[in-house]
Amino acid sequence: MHPIPCSGAGLLYSRILSLLMGMRVSPPYYLSALLAAGVYVQWREPVKGWFRRLLHKPKPSSVESLKSSHSASSSPSSSSSSAKSSSSSSGMSLATSSISLSPVSAPDISASDSPRWDKSYDVCICHSEGDMELVEELVSYLEGQPESFRCFLQLRDAVAGSAVVTELCDAVQNSHCWVMLITPGFLQDPWCRYQMHQALAEAPMANGRTIPVLKDVDRKDYPRELRNIYYIYMALKEKSFRQIRDTVMRYLQELCQSSTKRME
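First residue of the sequence shown: 1, per full-length UniProt numbering; consecutive thereafter.
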């Protein structure tokens, strides 16, 4: 019998053969044992490779993570483009919000079609003769504003020869607002009270047209007819003048806005 080379398979054959000879096994069994050893040697490497691949097979989660990381690293342009699109969309939303929050422009009370011109005067000043100096300062202030408020001053604008009652009623009806300078002299003047009642009859609701201004008068002496209307207390002359101006301006703007809505 030829010696078997000492390779992996040959070494296995020689060991099996020496083992069988030592056990005194009959020759027919030699062939069977050697055939079995040959089958083992033939399939040992493929089986070992299959088990090795099975043990080292990566988990599905790790495969997915590898794929996701690979796609993220391989497409930086896509991520940058998505970032640009998100930033542009946020910029558009900011622009939209800024547009929606922009303040509505105030109506132009001096426009040619403004309802301001439906009446001859913007303000009628109701006062006593003893307060003439203060009233002239107020009228000068209002008429000197950029809006050039039109003021009715009885001793200046009343038509000579007309009845006092007629002039007072016409002044009330032809004015948008009425400033009532309530002083001790106003409370004692029957014509001032008459004009106050005419104004309240013209606009009984407190809608900004009647503007009471208290000066040197306690609250307890405030006319009962005006108790439902807020007044301006004149402590500082300049501040009170600005408040009167703002009140008249606000009413005229609201008048223009309501007129525009009716036209629409």
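All C-beta atoms, glycine included, are put in the ideal place defined by N, C-alpha and C.
Just so it is clear, the structure is predicted and the values come from calculations on it, not from any experiment.
(request) Just the C-alpha distance for residue 260 and residue 245, rounded to the nearest angstrom, thanks. (result) As a first step, residue 260 must be located in the sequence shown, where it is residue number 260. As a first step, residue 245 must be located in the sequence shown, where it is residue number 245. Rounded to whole angstroms, residue 260 to residue 245 spans 23 Å at the Cα level.
(request) Taking residue 150 as the reference, give the member of 204, 223, 119 with the closest Cα. (result) Taking the first residue of the sequence shown as 1, we reach residue 150 at position 150. Here the closest residue by C-alpha is 119.
(message) Whether or not the segment 172–184 and the segment 199–215 are in contact is what I'm after, with contact meaning three or more pairs of Cβ atoms, one per stretch, closer than 8 Å; do they touch?
(response) yes
(request) Count the other CB atoms, across all protein chains shown, that sit within 10 Å of the CB of residue 94; report buried if there are 16 or more and exposed otherwise. (result) For the purposes of this step, residue 94 is taken as residue 94 along the sequence shown, with counting starting at 1. With a pLDDT of 35 at residue 94, under the threshold of 50, the modelled position of that residue is not reliable, and no figure is offered here.
(request) Note down the Cα distance separating residue 329 from residue 133, rounded to an integer number of angstroms. (result) This structure leaves residue 329 out entirely; the chain is present only between 1 and 264.
(message) Could you tell me the alpha carbon to alpha carbon distance between residue 161 and residue 198, rounded to whole angstroms?
(response) For the purposes of this step, residue 161 is taken as residue 161 along the sequence shown, with counting starting at 1. For the purposes of this step, residue 198 is taken as residue 198 along the sequence shown, with counting starting at 1. The alpha-carbon separation between residue 161 and residue 198 amounts to approximately 21 Å.
(message) So, at 8 Å on beta carbons, what are the nonlocal neighbours of residue 191 in its own chain, with the 5 sequence-adjacent residues on each side left out?
(response) As a first step, residue 191 must be located in the sequence shown, where it is residue number 191. Closer than 8 Å at Cβ, skipping near neighbours: 164, 168.
(request) Within the same chain, show all residues whose beta-carbon is closer than 7 Å to that of residue 88, passing over the 5 residues directly before and after it, in chain order. (result) The residue given as residue 88 occupies position 88 in the sequence shown. The pLDDT assigned to residue 88 is 44, lower than 50, so where the model puts this residue is not dependable, and the model offers no usable value.
(request) Please confirm if the segment 121–132 is in contact with the segment 222–231, defined as three or more CB-CB distances below 8 Å between the two stretches. (result) no
(request) Within 10 angstroms of the Cβ of residue 254, are there 16 or more other Cβ atoms? Answer buried if so, exposed if not. (result) By one-based count along the sequence shown, residue 254 stands at place 254. A residue is called buried when at least 16 other Cβ atoms come within 10 angstroms of its Cβ; residue 254 does not meet this threshold and is exposed.
(message) Tell me the rounded alpha-carbon separation between residue 189 and residue 145.
(response) Translated into the one-based positions of the sequence shown, residue 189 becomes position 189. Translated into the one-based positions of the sequence shown, residue 145 becomes position 145. Going from the Cα of residue 189 to the Cα of residue 145 covers about 30 Å.
(request) Could you work out which residue in 117, 135, 182 is closest to residue 218 when comparing CA atoms only? (result) Walking along the sequence shown from the start, residue 218 turns up at place 218. Residue 182 is the option with its Cα nearest to residue 218.
(request) Determine the direct distance from the alpha carbon of residue 200 to that of residue 153, and round the result to whole angstroms. (result) Walking along the sequence shown from the start, residue 153 turns up at place 153. Walking along the sequence shown from the start, residue 200 turns up at place 200. Their Cα atoms are separated by approximately 19 Å.
(request) For residue 247, count neighbouring C-beta atoms within 10 Å of its own C-beta (all shown protein chains included) and say buried if the count is 16 or more, exposed if not. (result) As a working note, residue 247 is residue 247 in the sequence shown. Its Cβ being crowded by 16 or more others within 10 Å, residue 247 is buried.
(request) Name the residue from 184, 258, 241 whose alpha carbon lies nearest to the alpha carbon of residue 131. (result) Working through the sequence shown from its first residue, we reach residue 131 at position 131. Of the candidates 184, 258, 241, the one whose C-alpha sits nearest the C-alpha of residue 131 is 184.
(request) Evaluate residue 195 with the Cβ neighbour count: other Cβ atoms within 10 Å of its Cβ, from every protein chain shown; 16 or more gives buried, anything less gives exposed. (result) Against the sequence shown, residue 195 aligns to sequence position 195. So residue 195 ends up on the buried side.
(message) So, for residue 274: in the same chain, excluding its five sequence neighbours on each side, which residues have a beta-carbon less than 7 Å away from its beta-carbon?
(response) Nothing in the structure corresponds to residue 274, since the chain is present only between 1 and 264.
(request) Helix, strand or coil for residue 260, going by three-state DSSP, please let me know. (result) For the purposes of this step, residue 260 is identified with residue 260 of the sequence shown, where counting begins at 1. Residue 260 falls in the helix class under three-state DSSP.
(message) At the level of alpha carbons, what is the spacing between residue 207 and residue 114?
(response) The residue you call residue 207 lines up with position 207 of the sequence shown. The residue you call residue 114 lines up with position 114 of the sequence shown. Near 19 Å, if we compare the C-alpha coordinates of residue 114 and residue 207.
(request) Answer with buried or exposed for residue 204, where buried requires no fewer than 16 other C-beta atoms within 10 angstroms of its C-beta. (result) Along the sequence shown, one-based indexing puts residue 204 at 204. Residue 204 comes out exposed.
(request) Could you please give me the residues that DSSP links to residue 121 through a beta bridge? (result) Reading the sequence shown from its first residue, position 121 is the one you call residue 121. Answer is 175, bridged to residue 121.
(message) Using only the alpha-carbon positions, how far apart do residue 140 and residue 262 sit?
(response) Along the sequence shown, read from residue 1 onward, the residue named residue 140 stands at position 140. Along the sequence shown, read from residue 1 onward, the residue named residue 262 stands at position 262. Cα to Cα, the separation comes out at about 34 Å.
(message) Taking 7 Å as the limit between beta carbons, can you name the residues of its chain near residue 257, skipping five residues before and five after?
(response) Taking the sequence shown and counting its residues from 1, the one referred to as residue 257 is at position 257. Cβ neighbours of residue 257 beyond the five flanking positions: 107.
(request) Under 7 Å Cβ to Cβ from residue 100, same chain only, skipping five residues before and after it: list those, please. (result) By one-based count along the sequence shown, residue 100 stands at place 100. Confidence at residue 100 is low in this model, with a pLDDT of 45, below 50, so its placement is unreliable and the value that follows should be read with caution. Spatial neighbours of residue 100 in its own chain (CB-CB distance under 7 Å, excluding positions within 5 residues in sequence) are not present.
(request) Please name the residue in 111, 135, 112, 237 whose C-alpha comes closest to that of residue 155. (result) Within the sequence shown, the letter at position 155 stands for residue 155. The option with the nearest alpha carbon to residue 155 is 135.
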